[in-house]
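2 protein chains.
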Amino acid sequence: MITLDFSKLNGLIPAVVQDYHSGDILMLGFMNRKAWEATLASGRATFFSRTRNALWVKGQTSGNVQVVKEIRIDCDDDAVLLKVEQVGGAACHTGHRSCFYKKIENGSVKVIGKPLFDPKEVYRK
Amino acid sequence: MITLDFSKLNGLIPAVVQDYHSGDILMLGFMNRKAWEATLASGRATFFSRTRNALWVKGQTSGNVQVVKEIRIDCDDDAVLLKVEQVGGAACHTGHRSCFYKKIENGSVKVIGKPLFDPKEVYRK
Numbered sequence: 028m029i030t031l032d033f034s035k036l037n038g039l040i041p042a043v044v045q046d047y048h049s050g051d052i053l054m055l056g057f058m059n060r061k062a063w064e065a066t067l068a069s070g071r072a073t074f075f076s077r078t079r080n081a082l083w084v085k086g087q088t089s090g091n092v093q094v095v096k097e098i099r100i101d102c103d104d105d106a107v108l109l110k111v112e113q114v115g116g117a118a119c120h121t122g123h124r125s126c127f128y129k130k131i132e133n134g135s136v137k138v139i140g141k142p143l144f145d146p147k148e149v150y151r152k
Numbered sequence: 028m029i030t031l032d033f034s035k036l037n038g039l040i041p042a043v044v045q046d047y048h049s050g051d052i053l054m055l056g057f058m059n060r061k062a063w064e065a066t067l068a069s070g071r072a073t074f075f076s077r078t079r080n081a082l083w084v085k086g087q088t089s090g091n092v093q094v095v096k097e098i099r100i101d102c103d104d105d106a107v108l109l110k111v112e113q114v115g116g117a118a119c120h121t122g123h124r125s126c127f128y129k130k131i132e133n134g135s136v137k138v139i140g141k142p143l144f145d146p147k148e149v150y151r152k
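If you're matching them up, the sequences are chains A and B in order.
At position 65 of the first sequence (counting the first as 1) the number is 92 in this note's numbering, and the numbers step up by one without a gap.
At position 53 of the second sequence (counting the first as 1) the number is 80 in this note's numbering, and the numbers step up by one without a gap.
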């Protein structure tokens with residue numbers, strides 16, 4: 028039986044997504060209980076979108092789904108780590124491989140790497 | 028100028044801590060603005076403890092501080108990634124190297140690895 032503690036952030040827990048092969052951190056999302064159960068059941072990373080206030084299967088729009096290879100939970104049962112295979116190569120809606128593409132250097136922000144796709148092409152109506 | 032968005036979680040942002048050398052995820056903490064500024068100024072991972080409701084220099088009690096080697100922020104400026112050198116080898120208060128030492132396998136939880144120290148020894152009064 029797996030019991031997570033959803034009480035600390037009003038029903039949400041943070042979920043770190045790590046590339047299964049390279050170990051790079053791809054993104055951080057939030058899960059409510061339904062997103063957690065959907066992730067377990069489907070094997071596809073599923074989050075709760077705070078902006079859309081709805082369940083969010085990562086990659087549903089772009090096709091860049093995350094195939095879950097391994098799941099870890101932390102000491103306090105209030106954080107999740109997903110090790111995934113990132114379909115399409117890029118996890119970020121900006122087209123970057125990782126959402127963490129901004130590095131702090133000498134007190135300012137430096138963009139690391141280039142987008143792998145053009146968001147305007149992927150998310151156009 | 029570095030501007031983070033502390034508005035989404037009542038003044039807090041999640042901060043993922045990754046081992047600079049191995050790429051392993053060590054823990055996830057939360058930062059308020061003061062913790063973020065203290066991390067930048069001191070080069071030591073500093074969080075906001077939700078249970079103690081206070082600034083928390085990681086490793087202050089155990090000696091297992093985290094020396095910050097690189098800082099990344101994400102696309103939305105609402106999550107932080109710290110790449111650190113983990114002094115003492117273990118990040119978790121249980122003595123485990125990583126807080127994410129519980130793996131989900133076939134619907135149940137399996138502990139991975141063994142503690143590197145005895146918490147009773149480290150945190151005794």
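The beta carbon of each residue, even a glycine, is placed where N, CA and C say it ideally should be.
- Beta-bridge pairing by DSSP links V138/A to K129/A.
- About 14 Å separates the Cβ atoms of G56/B and F33/B, ruling out a contact at the 8 Å cut-off.
- Sequence-distant partners of A106/B (beyond 5 residues in either direction) whose C-beta falls short of 8 Å from its own C-beta, in its chain, are I40, P41, A42, V43, I100.
- Put simply, of D103/B, G134/B, Q113/B the residue whose alpha carbon is nearest the alpha carbon of T121/A is D103/B.
- Taking all protein chains in view, the Cβ of K61/A is surrounded by fewer than 16 other Cβ atoms within 10 Å, so the residue is classified as exposed.
- Partner residues in the beta bridge of E112/A, as assigned by DSSP, are V94/A.
- Its chain contains Y47, K110, V111, E112 as the residues whose beta carbon lies nearer than 7 Å to that of K96/A, once the 5 sequence neighbours on both sides are disregarded; these appear in chain order.
- Under the DSSP assignment, T66/A falls outside any beta strand (DSSP E), being part of the alpha helix (DSSP H) whose first and last residues are 60-69.
- Within the segment 92-104 of chain B, the residues whose Cβ lies closer than 9 Å to some Cβ of chain A are E97, I98, R99, I100, D101, C102, D103, D104, listed in chain order.
- Under DSSP, I29/A takes part in no beta bridge, so it has no partner.
- Taking CB atoms only, G122/A has no neighbour in chain B less than 7 Å away.
- Nearest Cα to A68/A within the set F144/B, N133/B, V138/B, P146/B: N133/B.
- The C-alpha of E148/A is placed about 10 Å away from the C-alpha of S89/A.
- Take S76/A, set aside five residues on each side of it, and the residues of its chain with a beta-carbon closer than 6 Å to its own are W83, in chain order.
- At a cut-off of 7 Å, the C-beta of F74/A has no neighbouring C-beta in chain B.
- Between the alpha carbons of F127/A and Q45/B lies a gap of roughly 12 Å.
- If you compare the alpha carbons of K35/B, M54/B, G38/B with that of Q93/B, the shortest gap goes to M54/B.
- In the assembly as shown, R124/A is a buried residue. Its beta-carbon has 16 or more other beta-carbons within 10 Å.
- Using beta-carbon distances, A81/A does not count as an interface residue toward chain B, since no partner is under 7 Å.
- At a beta-carbon threshold of 9 Å, none of the residues of chain B lie near P146/A; the nearest stands roughly 11 Å away.
- In the DSSP assignment, S76/A falls within the beta strand (DSSP E) that extends over 73-76.
- Cβ proximity to chain A below 8 Å picks out S49, G50, D51, I52, M54, L55, L67 from the segment 46-73 of chain B.
- Around the beta carbon of K129/B, 16 or more other beta carbons lie within 10 angstroms, which makes this residue buried.
- T78/B and T78/A have their C-alpha atoms spaced approximately 27 Å apart.
- Taking A117/B as reference, the option from K137/B, F144/B, I139/B with the minimal CA-CA separation is F144/B.
- In this chain, K85/B is not harboured by any alpha helix (DSSP H), its DSSP state being neither H nor E.
- The C-alpha of A72/B is placed about 5 Å away from the C-alpha of T66/B.
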